[in-house]
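These protein sequence lines are chains R and W, in that order. Our numbering numbers the first residue of the first sequence as 2 and each following residue consecutively. Our numbering numbers the first residue of the second sequence as 24 and each following residue consecutively. Using N, Cα and C, we set each Cβ at its ideal position, and we do this for glycine too. For clarity, every value in this text was computed on a predicted model and none was experimentally measured. Here the structure comes first, spelled out in structure tokens, and everything after it is commentary.
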Amino acid sequence: MQYMLLIYQPLDTPRDPDVYAAYMAYTTELRESGAMVAGDGLEGLDAATTVRVRNAETLVSDGPFAETKEMLAGYYLVDVPDLDAALKWAAKIPAAEFGSIEVRPVMVYEPA
Amino acid sequence: MLDEAVSRAFREEGPAILATLIRQVGDFSLAEDALQDAFAAAVVAWPRDGVPASPGAWITTTARRKAIDRLRRERGLADRIERLAVLAARDTATAADEEENDEMPVEDAIADDRLRLLFTCCHPALALEARVALTVKSLGGLTTAEVARAFLVSEPAMYQRLTRAKRKIAAAGIPYRVPPLDELPERRDGVLAVIYLVFNEGYAASAGDRLVRGELCGEAIRLGRLLANLLPGDPEVLALLALMLLQDARRGARVDEHGGYVALDRQDRALWDRGRIAEGTHALDQAIAQRAGGAAGAYALQAAIAALHATATDAATTDWVEIAALYAALDRRSPSPVIRINRAAALAFAGAPEAGLELVGPLLQDPRLDGYVPLHATHAELLRRTGAATAATAAYDRAIAATANAVERAELQRRRAAV
């Protein structure tokens, strides 16, 4: 099964070289286990733009779609046998120690 | 007579059959539906053909065929076709064996399946209330209506809670298995916590709903026994079983004829269930023997306290010194004001009220415990025993002001008058 590990962390999290190194090590371990499908970090909310289309009109605005104290800071997409395996990988993400990781199964589309 | 055979099979064998079916069909809800179908078929077939020699095997085979029927109707989904092929192969291969009742390997497989089901129902990815309800429903053989009544929610609400939990198990990919050894202790603790919660739901029941909710105590003890059989030699499992048995032994004496709560020292000990006490102390002895010198767990310490109460002839001859020491050990293990208050109360009875006062001193400074009746009641009792009558009366006044319970207020006023 594929799971999306969504990394949420406080808005004011400073960049930390130790955390960066921990992410490098984590990504290598995940890749070598064969479970990694994809993964990236995201630029901060000051680089975010929100798009809506209403009545065929495209509305573009600066910033995130909702104000929150935590932001989506990155993700990993993993392919593992079950939820327990996904939770184990989620717990190893460096941000799990100061933010939170939301684990969501990827929807499977079945032929009609 | 026949209805009785079907309902007995449902109660006694339903949970074990369900556990096996879930593994075989790979889907909680499908297994439940197929099991319902099979019992419906039994209601028709058994009066006509007679009750089969092994009702459980008959239900299992029929339910598996019903699952195949249900899967066929929903054909078109790739993974279901695969499941169907596996099931159909199993059906031709093992139906004969199962009906012929070959004993040992089947028994073992059923035990493993029930353990799988228990760990799945208690998975931490499910909401706690869902874990508790799903465990009672799936392993206890209660109907949804019975579970709803026991947890004081409407039947549709309970149905929804259970359905949502089963949907999450399927959609989130919660595995149907006993956790591997490195995860087992932590997950076992989670299962024990759910079982003890089931017990306390029943134990804390007020007079009005004592009958329905009290059943939960029996269910929790049954689950504790089941787990003790499935994980033999696990001291914490035995300790929890002991704790529940020893507490349950006092259940009949905890409430008076008017439905009021009766404190431990005023209970009629003739009403205590001697059978439960004997079984509980035996389980505790086993737990201590299994522990073999290691540090006692939280359930073992609580069970040891309950055992000292249960085996004493009255409050006066209870070994309060030992009880205070056990509370101290419990407080070191998981520090909590509630445990410290209990320890102070034990010190009062042990003839060491000064030591008890030293313990409650810091707690009285904590604003969060301002309205906590047991703190002020214990404080008052400690003061009374040191001869500080005026201070004791004032402490009783604080306890009386804090209580919202009429029975408790009457008891506190009685003690205040006796200072």
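Measuring only the C-alpha atoms, how far is residue i from residue j?
i, j, result
"residue 241 (chain W)", "residue 90 (chain R)", "39 Å"
"residue 226 (chain W)", "residue 13 (chain R)", "47 Å"
"residue 392 (chain W)", "residue 442 (chain W)", "24 Å"
"residue 139 (chain W)", "residue 400 (chain W)", "46 Å"
"residue 196 (chain W)", "residue 106 (chain R)", "8 Å"
"residue 423 (chain W)", "residue 372 (chain W)", "21 Å"
"residue 411 (chain W)", "residue 323 (chain W)", "36 Å"
"residue 28 (chain R)", "residue 258 (chain W)", "40 Å"
"residue 124 (chain W)", "residue 78 (chain W)", "Because residue 124 (chain W) sits at a pLDDT of 44, beneath the cut-off of 50, its placement in the model cannot be relied upon, and the following sentence gives the value as read from the coordinates. Distance between the alpha carbons of residue 124 (chain W) and residue 78 (chain W): 10 Å."
"residue 192 (chain W)", "residue 86 (chain R)", "14 Å"
Any chance the CB of residue i is under 6 Å from a heavy atom of the ligand SAM?
i, result
"residue 429 (chain W)", "Annotation note on the ligand SAM: not contained in the displayed structure, which lists no ligands."
Taking the alpha carbon of residue i as the reference point, which residue from the options has its own alpha carbon closest?
i, options, result
"residue 64 (chain R)", "R:75, R:77 and R:45", "R:45"
"residue 47 (chain W)", "W:426, W:332, W:29 and W:135", "W:135"
"residue 69 (chain R)", "R:80, R:29 and R:9", "R:9"
"residue 216 (chain W)", "W:158, W:430, W:177 and W:65", "W:158"
"residue 83 (chain R)", "W:78, W:148, W:339 and W:325", "W:148"
"residue 311 (chain W)", "W:74, W:34 and W:262", "W:262"
"residue 337 (chain W)", "W:56, W:52 and W:295", "W:295"
"residue 85 (chain W)", "W:68, W:97 and W:274", "W:68"
"residue 1 (chain W)", "W:91, W:110, W:26 and W:212", "Any question about residue 1 (chain W) goes unanswered here, given that chain W covers just 24 to 442."
"residue 285 (chain W)", "W:429, W:201 and W:378", "W:429"
Is residue i helix, strand or coil when you go by DSSP?
i, result
"residue 242 (chain W)", "helix"
"residue 391 (chain W)", "helix"
"residue 275 (chain W)", "helix"
"residue 364 (chain W)", "helix"
"residue 100 (chain R)", "coil"
"residue 60 (chain R)", "strand"
"residue 10 (chain R)", "strand"
"residue 74 (chain R)", "strand"
"residue 80 (chain R)", "strand"
"residue 303 (chain W)", "helix"
"residue 237 (chain W)", "helix"
"residue 416 (chain W)", "helix"
"residue 110 (chain R)", "coil"
"residue 37 (chain R)", "strand"
"residue 199 (chain W)", "coil"
"residue 5 (chain R)", "strand"
Give a yes or no on whether the minimum CB-CB distance between residue i and chain W is below 7 Å.
i, result
"residue 78 (chain R)", "no"
"residue 1 (chain R)", "A question about residue 1 (chain R) goes unanswered here, because the residues of chain R that appear run from 2 up to 113."
"residue 110 (chain R)", "no"
"residue 73 (chain R)", "no"
"residue 43 (chain R)", "no"
"residue 69 (chain R)", "no"
"residue 46 (chain R)", "no"
"residue 84 (chain R)", "yes"
So that I know if they touch, is there some Cβ in chain R lying closer than 7 Å to that of residue i?
i, result
"residue 282 (chain W)", "no"
"residue 323 (chain W)", "no"
"residue 208 (chain W)", "no"
"residue 148 (chain W)", "yes"
"residue 37 (chain W)", "no"
"residue 188 (chain W)", "no"
"residue 205 (chain W)", "no"
Going by beta-carbon coordinates alone, are residue i and residue j separated by less than 7 Å?
i, j, result
"residue 218 (chain W)", "residue 254 (chain W)", "no"
"residue 6 (chain W)", "residue 187 (chain W)", "Nothing in the structure corresponds to residue 6 (chain W), since chain W is present only between 24 and 442."
"residue 39 (chain R)", "residue 78 (chain R)", "yes"
"residue 333 (chain W)", "residue 269 (chain W)", "yes"
"residue 173 (chain W)", "residue 236 (chain W)", "yes"
"residue 202 (chain W)", "residue 210 (chain W)", "yes"
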